[in-house]
Every structure is written in structure tokens, then in C-alpha cells.
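> Below you'll find the structure I mean.
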Amino acid sequence: MGAYVSTQIDLVRVALLWGAAFARRLHNPQSSLARALMIPPDRIRSKGSKTMKSDHYGRLWCLALVTALPLTCSVSSATAQEGANGASFMDDFDKLDSKIWYVSDGWDNGAHQNCTWSKKQVKVVDGILELGFEERKEGKRNFACGEIQTRKRFGYGTYEARVKAADGSGLNSAFFTYIGPTDKKPHDEIDFEVLGKNTAKVQINQYVSAKGGNEFLADVPGGANQGFNDYAFVWEKDRLRYYINGELVHEVNDPAKIPPNAQKIFFSLWGTDTLSDWMGTFSYKEPTKLQVDRVAFTAPGDECQFAESVACRLD
Numbered sequence: 001m002g003a004y005v006s007t008q009i010d011l012v013r014v015a016l017l018w019g020a021a022f023a024r025r026l027h028n029p030q031s032s033l034a035r036a037l038m039i040p041p042d043r044i045r046s047k048g049s050k051t052m053k054s055d056h057y058g059r060l061w062c063l064a065l066v067t068a069l070p071l072t073c074s075v076s077s078a079t080a081q082e083g084a085n086g087a088s089f090m091d092d093f094d095k096l097d098s099k100i101w102y103v104s105d106g107w108d109n110g111a112h113q114n115c116t117w118s119k120k121q122v123k124v125v126d127g128i129l130e131l132g133f134e135e136r137k138e139g140k141r142n143f144a145c146g147e148i149q150t151r152k153r154f155g156y157g158t159y160e161a162r163v164k165a166a167d168g169s170g171l172n173s174a175f176f177t178y179i180g181p182t183d184k185k186p187h188d189e190i191d192f193e194v195l196g197k198n199t200a201k202v203q204i205n206q207y208v209s210a211k212g213g214n215e216f217l218a219d220v221p222g223g224a225n226q227g228f229n230d231y232a233f234v235w236e237k238d239r240l241r242y243y244i245n246g247e248l249v250h251e252v253n254d255p256a257k258i259p260p261n262a263q264k265i266f267f268s269l270w271g272t273d274t275l276s277d278w279m280g281t282f283s284y285k286e287p288t289k290l291q292v293d294r295v296a297f298t299a300p301g302d303e304c305q306f307a308e309s310v311a312c313r314l315d
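Put into C-alpha cells, the structure is as follows:
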């Protein structure tokens, strides 16, 4: 159970204990609280049936809880990141869990994208998620590609994925988080993107209210498309740290460059005919795929989700 949920339970317990004390004070006709509320003694110490007494105690509890719970709500709303409803989890893709993942299908993200998202390009094979890219007429495009995204939004914490990038100039193999206008939020984003023109590096970036310009290229030892590599970022309110294979490669300490809004987790593989300066000249040779062995999110204060997790050794 996530730290946020645990905090909620603790707050409810406090509210109930406070409510019990509140009710006892109301039940005492000599208490300052009972006198202040002007509750007549004959109403407090009912001499009627057990049913009347039970009803009386019930009303006291209701009054106590109505008084206590707003305190609980106000405290929890102050500590929770707005919009975050996802708890810590790990998915090693024994299957594609539809309760966790939504599969993009039947559209594209704009004229810059030369492929259409297709559910046929999303599958799990021997415990590995595969997002494909192949030449096949799909919608208005001549290529089909794959993308998944979480149904829930996640806030501050540690995000990790073990990924093997696709081959091919003009392709983008991405592990990222995003929220935007579709969800009635500003465009916030945190990225790991392997660009097909140079798979020896991964581009790190973040957007705040659609403002990017924070690109940083980090080396991927051995090449991002030659084997699986571990990508992670630790997202805090005033700090954002990026890791590759457990090593810190980049750190952002300017709050103005750190997204504030809870986001969904995405994996995608797509191509372009127009963004050649960024991703390389598109040159299709054969079907290719982005592979994901594992993904995890660890909320602050929660136990790390697997033994090698960056979250196991955070300061």
C-alpha cells in the first residue's frame, strides 16, 4: 500500500480517536463543551429504552465525526500531489494487464508522425513487452506503430524501466511520463528518448506547461539498441535526477524546470518523415520493435519494488 494511502488511514484513525473523546465530552452534562453547545442534561442522560440510548450515542458519534473529518480531509489534501491516483507497483509483463495499461489504437499525434498507433503492434512475448513498427497501411499512414499508457496518474517518486530500443534512423523509442490538454491539464512531460540517428545516446528532457528546451544527451554504454538497459528518474518537487544502469547521469535543481502535475507513464515507438534533424532521416528496412522487460514506480517512503531498484539506495 502506498505512502499516501497509509497516511490517509492514519488520519482516519486520529479522527476516530478524536471523535471518541469528543463524544465522551458531549455525554458529560458538566463538561464545558456540552454547556457551550447548550445540550440539556435530560437529552444527554436519556432514561428511555436501550434503543433511545443507542440512537443518542449514534447521534453523538455522527456529530463527532462530522467535526473531525474535515480536519482529516484538509490535512490529506495538503500532502497529496493533485491528480495523483496511482500507487507503487512493478510490472514485469507476464501479460499485458488491461487494468494497468491502455493501448493506443487508431490515431496519431500529428503530421510529424508517419505511423498510426495500432493495437496489433502491442504484444507480450515470453515476459517481454514488444511495441512494433512496420510498413502496413493503417488509417492515413503507410506505417503502423505501438504505444501503451497507464490508466492512472502518478506523482513524485522513482520511475524505472528496463528497455531495449528499436533499430532504424528516423525512429523514436520512448519511455516517458506525460499529462496534457486531453486530461484538462497543462502539457507536462519527463522523457527518455532513444533517437534512431544515434542509438549510442539517450535524450533526456522535461516539459513544464509545454515549455521544453531542457534536452540533455547521455551515453548508453554498448548502445541502447544492442541490449537491455535500465533507465530511471527520481522526481521530487525541487529536484529531478536521471539514472542509466544505476548511475546518476543528470540532475535538475531549478524548480521552474520541474513539472508539477501528476502524469501517466508511456512507452512508444514511432517514426517521422519531417523531424530528420532531430531523429535522423527516415529509412525503413524491415519491421523493428521496442522491448520492455520491466517497469516500476515507487512512491516516496514506500519499499523499493525490486532488488536492483534505484529506490533501494536513495538518500
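Under UniProt numbering, think of the first position of the sequence shown as 1, with each following residue one higher. Where a beta carbon is used, it is the ideal one built from N, C-alpha and C, also for glycine.
(1) Check each candidate in Ala299, Ala307, Thr116 and Ala174 and name the one with the smallest Cα separation from Arg141.
(2) Name the one or two DSSP bridge partners that Leu290 has.
(3) Going by C-alpha distance, which of Arg136, Cys145 and Asp94 is nearest Asn109?
(4) Helix, strand or coil for Gln121 per DSSP?
(5) Would a C-beta distance cut-off of 7 Å place Lys197 and Asp219 closer than the cut-off?
(6) Does the beta-carbon of Asp91 have 16 or more other beta-carbons within 10 angstroms, so that it is buried, or is it exposed?
(7) So, with DSSP's three-state summary, where would you put Lys211?
(8) What does DSSP give as the partner residues of Lys264 in its beta bridges?
(9) Would you kindly report the start and end of the unbroken beta strand (DSSP E) that includes Asp191?
(10) Does Ser169 come out as helix, strand or coil in the three-state DSSP assignment?
(11) Excluding the 5 residues preceding and the 5 following Ala21 in the sequence, name in chain order all residues of the same chain whose CB lies nearer than 6 Å to its CB.
(12) One question on the structure: do Tyr236 and Tyr156 come within less than 7 Å of each other, judged by their Cβ atoms?
(13) Skipping 5 residues on each side, what residues in its chain have a beta carbon closer than 8 Å to that of Phe89?
(14) Would the beta-carbon of Pro259 fall within 7 Å of that of Gln206?
(15) For Asp273, I'd like the list of residues in its chain whose CB is within less than 6 Å of its CB, leaving aside the five on either flank, ordered along the chain.
(16) Does DSSP put Trp235 in a helix, in a strand, or in coil?
(17) Quickly, what does DSSP pair Ala144 with across the bridge? List them, please.
(18) Spell out the partners DSSP gives Arg241 in its beta bridges.
(19) Compute the Euclidean distance between the alpha carbons of Gly86 and Ser118, then round it to the nearest angstrom.
(20) With distances taken from CA atoms, which of Asn172, Leu275, Gly127 and Tyr178 is nearest Gln263?
(21) Can you tell which of Lys285, Lys120 and Gly139 has the C-alpha that lies nearest to the C-alpha of Glu130?
(22) So, helix, strand or coil for Arg151, using DSSP?
(23) Lys289 and Ala166 - do their beta-carbons sit closer together than 7 Å?
(24) Taking the alpha-carbon positions, what's the Asp126 to Leu269 distance?
(25) Could you please give me the residues that DSSP links to Met90 through a beta bridge?
(26) Pick from Phe93, Thr199 and Arg241: whose alpha carbon is nearest that of Asn253?
(27) When we look at the beta-carbon of Asp42 and count the other beta-carbons within 10 Å, is it buried (16 or more) or exposed?
(28) Can you give the beta carbon distance from Gly246 to Gly170, rounded, assuming they're within the 8 Å contact cut?
According to the structure shown:
(1) When only C-alpha atoms are compared, the closest one is Thr116.
(2) Leu131
(3) Looking at the Cα atoms, Cys145 is the closest of the given residues.
(4) Here Gln121 carries a helix assignment [DSSP, helix/strand/coil].
(5) no
(6) buried
(7) strand
(8) Tyr178
(9) Asp188 to Leu195
(10) coil
(11) Note that Ala21 scores a pLDDT of 48, beneath 50, so its modelled location is shaky; the value from the coordinates is reported in the next line. Correct list: empty, nothing qualifies.
(12) First, the residue type needs correcting, since residue 236 is Glu and not Tyr in the sequence shown. Cβ atoms of Glu236 and Tyr156: closer than 7 Å.
(13) Ile100, Ala296, Phe297 and Gln305
(14) yes
(15) Asn114 and Phe282
(16) strand
(17) Thr116 and Glu134
(18) Val234 and Glu251
(19) Whole-angstrom Cα-Cα distance: 26 Å.
(20) By alpha-carbon distance to Gln263, the top candidate from Asn172, Leu275, Gly127 and Tyr178 is Tyr178.
(21) Lys120
(22) coil
(23) Their beta carbons are under 7 Å apart, which means Ala166 touches Lys289 by this criterion.
(24) 20 Å
(25) Ala296
(26) Arg241
(27) Confidence at Asp42 is low in this model, with a pLDDT of 40, below 50, so its placement is unreliable and the value that follows should be read with caution. So Asp42 counts as exposed.
(28) The pair is not a contact, with the Cβ atoms about 30 Å apart (cut-off 8 Å).
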